[in-house]
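Protein chains in written order, with this note's numbering: chain U, 1 to 412; chain D, 1001 to 1093; chain S, 2001 to 2944; chain L, 3001 to 3192.
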Amino acid sequence: MTSPAQPPGAHLPEHPDFLWENPEPKASYDVVIVGGGGHGLATAYYLAKVHGITNVAVLEKGWLAGGNMARNTTIIRSNYLWDESSGIYEHSLKLWEGLEDDLGYPILFDQRGVLNLAHSLQDVRDSIRRVNANRLNGIDAEWVDPAGVKEICPIVNVSQDVRYPVLGATYQPRAGIAKHDYVAWGYARAAHAMGVDLIQNCEVTGLETAGGRITAVETSRGRIAAGRVALCAAGHSSVLAAMVGLRLPLASHPLQALVSELLEPVHPTVVMSNAVHVYVSQAHKGELVMGAGIDSYNGYGQRGSFHIIEQQMSAALELFPVFARAHLLRTWAGIVDVSPDASPIVGLTPVGGLYLNCGWGTGGFKATPGVGDCFAHTIAHDKPHQYNEPFTLERFTTGALVDEHGAAAVAH
Amino acid sequence: MQLIPCPWCGPREEAEFHYGGQAHVAYPDDPSALSDEEWAQYVFFRDNPSGPFAERWSHNAGCRRWFNAVRDTRSHDLLAVYRVGEPMPEVTA
Amino acid sequence: MNYRTPTGGAIDRNTVLRFTFNGQSYTGHPGDTLASALLANGVHEVGSSVKLGRPRGIVAAGSEDPTSLVQIEAPFPEPMLLATTVELYDGLVARGLAGQGRLANEPDPARYDAKHEHCDVLVVGAGPAGLVAALTAARSGARVVLVDEQNQAGGALLGVDEYLDDRPSAEWVADVVAELKSTPGVLVLERTTAFGMYQDGFVLALQKRTDHLGFAAPASVARQRVWRIRTRQTVLATGAHERPVVFADNDRPGIMLASSARTFRHRYGVLPGSRAVVFTTNDSAYCAAIDLAESGVDIPLIVDARASAPSRLATECAARGIEVRAGHVVTGTEGSGRVTDVHVAPLGSGHADTVVCDTLLVSGGWNPVVSLFSQARGKLRYDSELGAFVPGEELETVRVAGSATGELDLTACARQGRNAGAAAAIAAGFTPSGQVPLPTSDSRCTARSGLVLWRVPGAEDSSFVDLQRDATVSDVLRATGAGLRSLEHIKRYTTIGTAHDQGKTSGMIAAGIVAEALGVELADQRPTTFRPPYTSVSFAALAGRDRGELHDPVRVTAIHPWHVEHGALFEDVGQWKRPWYYPQPGEDLHAAVLRECQATRESVGMMDGSTLGKIDLQGSDAGKFLDMLYTNMMSTLKVGKIRYGVMCGVDGMVIDDGTVIRVGEERYLVTTTTGNAAKILDWMEEWLQTEWPHLDVHCTSVTEHWATIPLVGPRSRDVLAAVAPSLDVSNEAFEFMTWHDTEVAGVPARVCRISFSGELAYEINVTAWHGLAVWEALMAAGAVYGITPYGTETMHVLRAEKGYPIIGQETDATVTPQDLGMSWAVSKKKPDFIGKRSFARAENNRTDRKQLVGLLPVDPSVLLPEGSQIVETDRLPEPPVRMLGHVTSSYPSAALGRTFALALVRSGHERIGETLYVPVDDSLVPVTVTDSVLYDKEGARRDG
Amino acid sequence: MTADPTSPLAAWTDRLTFAPALIASERPFLSQLTVRVSDPDAVAALGSALGVVFPSVPCTFTTGSGPFGAVEVLWLGPDEFLVVAAPDLQLPIEDALRAVPFKGSVVDTSAQRTTLVLEGSHVRDVLAHGCSVDLHPSSAPVGTCVQTLLARTGIILQVTGPDRFTILVRSSFAQYLAAWLSDACVEYGAVP
């Protein structure tokens, strides 16, 4: 038995597959990142790697990557409508493409493509509009007709004799999926290796300011002085911001997802359908991973309503009749913070040294490398990176919104 | 699926209701007198607490009445419902 | 070899069922599961493991089994079922799986449904505790639902040969069930698994209704049903699962939980093998040993990890020639498929003996089934004596009884059931009548918890923690060695507990092994979260009957049958089916639409506009209210007149448009777009009820009360005159933007003179009941003019030629009325209206906003694809290319004799006359920017 | 030239017998008026005009008889009622109601919804497949009137007898409802 003073497992030898240590927090850091999910870990990694800032702590109230990172359906794509969104998501996708080598860690990034189905004439117009915008922005995108959909994903029911027939789809071949835990662990391992402290079971209970500048964070493990503080706590951003009197245009909602048991490969790509509210991929091991629309009400309870799942299933079976006898194995919910224009808020705040990264709604996972890089830049230079410059808090005052509801109505 | 106690129809399943976000956000008396910041606060910014939250619901599939509720956003438990115009009741979460 | 006992078991020995497994033919009996039938035929090896390909068998007798995954191939392919939960039927074809199932290629012909059920007391589990709880509640007069996942009640009693009150336990069970089933207000659901527990007493349960009938399942009966149970009070009598102990090579077929072997013996009349070693940490396995020995199984040895064996049971064993070795453990097994030898050694260290056997029965204690309790947000507590998490608190509406609490004595379990049933009934407002007598068992094994032992030290690479995930003790140590400290991380790193069985038997052991590895106390650890569903549920069951034509309601107008009969193709607009166009033989979309447009512009056309939203507003403040909702002034509208209006959200973006008719001094009728009808009514109610309750206005939807028929074109006046003889249709008597009540085709009608096409046009409104007849009357009256029905596509072309936007096509939540060129519809006089303040924001005052303009391809035969982007230069630079906007609508025009488009273009209003470029495939199409009104700019045609 | 009316379920007329599960029948062309009023005196006066006491208890309906014969008044909301009477009375009833001075509104909504009567021993079972409201007689006695969802459509549901219900459904959803009922009754032996 270990003595109570030692943290759990402190007696263990270092393992060849070592991921990260579990240090006691120091009294002070140059940068404290609140939230040890994908975004927090990626931000720490790029701060260390790109900007040489290594006196950094990532504070996580539970276990690393145990929030939305642990609960998402891992879809990665960059086929957003507006230039601003294309910029940051495509930046992210390019980083994904080199991430396994960069981190030296397997993340099972698999560019299997994504189909976004259109079910109405207006869906078709919107889809073609987005494809054209994507191409001019240098993003791979094509419009495929129902036969093309069938060719890419043979199990999609493209019969025109159904309630909401598939009229076509946009296709982004470079889109794909990755293994979310491995992504988080890869970043954590690499950040740790460069000297970042990863501190779990450390809940931030207060933010300390002096003269309009952040000075420290209060935590369940004591006060930690900080030159700069970066908030990366998707779902709980409003609660943290409120600690310095900052009100955000966010609502935190449950977002549910589910998996089936393991099945022989049937689904070679990722299919999303905003109109019937479902998105599906088949993970490497064989389980079908599916998500739905968000639950309507604000909630921090990490649970949603089952009728959302039932509706999602009836939609899924219309699109994929072969799923009838697949079985639901596990359901869960994350907490997504949703902004009025379905775009994130990434940048400076009225409090000096306090930086905000929130409002990703359902799009956070795919942005992980991109926002990590841009947010690290923002923190290091006290100035936004070009790709997060449009995503200010001020846009809600000026009206310069980046309305991505069309791209994010269902998510992801 | 939660039961939501409509102040008129009694408890009904959540699917019959429409969520309306934060309650007691009054339309400004004179929007033209507000600064852009103040107007943005009204249009876009909302409280988003983890804990009791006064919010609006409409019994859409039932009596179509809007009402207010205090709900604990951590447990999703409804702590109180009250009619529009009534003050927010004291609740213990 | 036949392992069926000569007697015993709840099977029908007189009936033989034939089935095929892994290509071999076998027989079994009604009452068998696939697992028991396989065991009866001596088949232990079912499939192989997912990662290592090791042979895997049958470990447990119920839904907790971690290994017996099978694929059903007939009657219909179904993946990943447990052989232990598949009831045998004649003709079953199945095969063992290596971790992955196969989906059918063909559509599932079965029906599925859901049913709501309400009760005062729900009891989950029909073992002794659940039965007594249900009976107690039922006798109080409460509405009771009892669900149980087995095909018959009894729970743990099904797997033993105990006597209750001096008679076979089955008789006691049958009596209780008979009383329950004959009590009004009681519903007993067999083959029904409560899989999810949610807020406010909402419990979901899956009933397997026809699977056990195999090929004989009636097609008209839903195969599976999701019960949506809403209960005031719940008693969870969900029982306990026996758990194994982890040791080297603990995964071979033939290694089985001791109580499960006993279940196979007593419930199915099947012996697990001919020579079985028993390895236990507690008393309960002794009963299995004695039972099996009495049934003819050679039991050479009981290996008891405890320092001393229970003396009475040891004596009984000795009398049967069973050796009991206390203080010993199984350290490993041998066998190329099924187990052939086990290694037994003293706990700690010492010489290992090898014992020959074909079966190894294991008991490592009991895990109360707390999944539903945890889903109900009940807190769990670690019971160190039991080595398991147990319910740690009482909830107001959820009680736990029986072995789900950790209690193992039958009478005590029943007492808990009685108490819980009574308490639940009282809490639901009922008074229990009398006390249900508690049964007493003659069981040999006094239930005591034993030694908590997670694993026997040994070869870590072959000590399996999670048999289905092939996760071993090595994997756990690799995870802790990697620096992982939380159970959740280790679970994810090793995948323990995430397989089909969701860790029912492995979860607790994994937690114990992790705690040992980390040197922490389990009591300080938070158990990993239990998530629904408790057992897997087919997608089809969850989709229920919301499939095919019932997937989402198809909304149709009163005139719909005519459209169908006349060959219309339909467009989905929300839930509505709207005629898109009416092709004549040989016509495609373009040909039909050109014809429809031409007929309408040159003579007369008509369409079914019934889907338009219509809202009746009454009250002294109706005008004031509309002035707040619309950007333009409505209160000044005169009775008898009509005005077009635009609505914005508070953010100043256009949300809807339509016409406002002033019906009376205090009465208006407004129309909305088809897709927004419900939203706009809700929008009005929201403002009225929550913001301006002092206003005297009431809104009532009349969308479906009225059938609406726009009659359009230069001959529309003639057609109208023919069907409305009492109406003066002259331009003077019936001006543009006015309405008249009259009779059309002999029925009361409101005729509005409005135009969405630029032509002379009337909109005829009659009750929906008369819509079809009036439509036919108009067709008849217009025949002489070649009246042409047209659909939404022609409607779109006609309005686009006039530059009228469609909300949702020209707009996308970023467009203001000014952007649409509708500053004329934005009141300068009104002090306020919804959205007005937003117009003053910086972004709204940029000069380079995207504005609605017309585009004429320089080549008049080129049709721009809708959704095309627009650029400034005739050559594309490297991406990202600056985009000026996009094409919102684009059509060939009969009236213009060319193609044209509408587009949102940055600084569009200033660019009129400029040439811009539209990338289409690999070319850039030059286009000229024009005003958005392309047809009849002077508006000469609307008066006919 | 007078146009004949067609009811929303005209195409289903011969297909509404879902025996032995239940018997359904459309009662087309009933006079229906939506009344919005909250002042209790006005409510009483409107009732007097029709010979029926308006329901004061939420989720109930009342019946009465007066100048327009048998009239039902359904509670739809705290200030909203639906007056239902025999066909062809909507205009005189509207006039009679308008003759009462009150703050509120009267709207002829006769064709907005159609009416289905369901009777039979399995009627509760069938409804329970799509309706989450507890229809047990102890919770929903005769006289109950709820607006709720049945499967994926909104309905007004009246309990009019021990095994008898009346459903009012928006006209455009009526065929969906009929198809849904037809399908739900298969389980109870009806031949689709």
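Note that CB positions come from ideal geometry on N, CA and C, so glycine has one too.
Interface flag, residue i vs chain S, CB-CB below 9 Å
i: residue 344(U); result: no
i: residue 3120(L); result: no
i: residue 1008(D); result: no
i: residue 1001(D); result: yes
i: residue 401(U); result: yes
i: residue 130(U); result: yes
i: residue 1046(D); result: no
i: residue 3187(L); result: yes
With 16 other Cβ atoms within 10 Å as the buried cut-off, status of residue i
i: residue 2614(S); result: buried
i: residue 2468(S); result: buried
i: residue 2801(S); result: buried
i: residue 3021(L); result: buried
i: residue 2333(S); result: buried
i: residue 3040(L); result: exposed
i: residue 2890(S); result: buried
i: residue 2824(S); result: exposed
i: residue 2502(S); result: buried
i: residue 2108(S); result: buried
Residue i, enclosing beta strand (DSSP E) - first and last residue
i: residue 292(U); result: 287-294
i: residue 28(U); result: 28-34
i: residue 115(U); result: 114-118
Residue range of the alpha helix (DSSP H) that includes residue i
i: residue 2284(S); result: 2284-2294
i: residue 125(U); result: 121-136
i: residue 2106(S); result: No alpha helix (DSSP H) contains residue 2106(S), which DSSP labels as neither H nor E.
i: residue 1077(D); result: Taken as a continuous stretch (DSSP letters only), residue 1077(D) belongs to no alpha helix (DSSP H), as it is neither H nor E.
Residue i Cβ short of 8 Å to the ligand SAH heavy atom set
i: residue 33(U); result: As for the ligand SAH, it is missing from this structure, which has no ligand bound.
Sub-9 Å separation of residue i and residue j beta-carbons
i: residue 380(U); j: residue 59(U); result: no
i: residue 3129(L); j: residue 2116(S); result: yes
i: residue 2584(S); j: residue 2605(S); result: no
i: residue 2670(S); j: residue 3187(L); result: no
i: residue 320(U); j: residue 156(U); result: yes
9 Å Cβ cutoff, residue i in contact with chain U
i: residue 1039(D); result: yes
i: residue 2110(S); result: yes
i: residue 1087(D); result: no
Any C-beta of chain L under 9 Å from that of residue i
i: residue 1069(D); result: no
Cβ of residue i within 9 Å of any chain D Cβ
i: residue 2693(S); result: yes
ask   = Does the stretch 1059-1076 of chain D come within contact of the stretch 2684-2695 of chain S, defined as at least 3 CB pairs closer than 8 Å?
value = yes
ask   = Do three or more CB pairs link the stretch 2132-2139 of chain S to the stretch 2415-2428 of chain S at distances below 8 Å?
value = Segments in contact, yes.
key: Meets three-Cβ-pair contact criterion under 8 Å: the stretch 2749-2759 of chain S and the stretch 2705-2713 of chain S   = yes
The stretch 187-201 of chain U / the stretch 28-47 of chain U touching (three or more Cβ pairs under 8 Å) = yes
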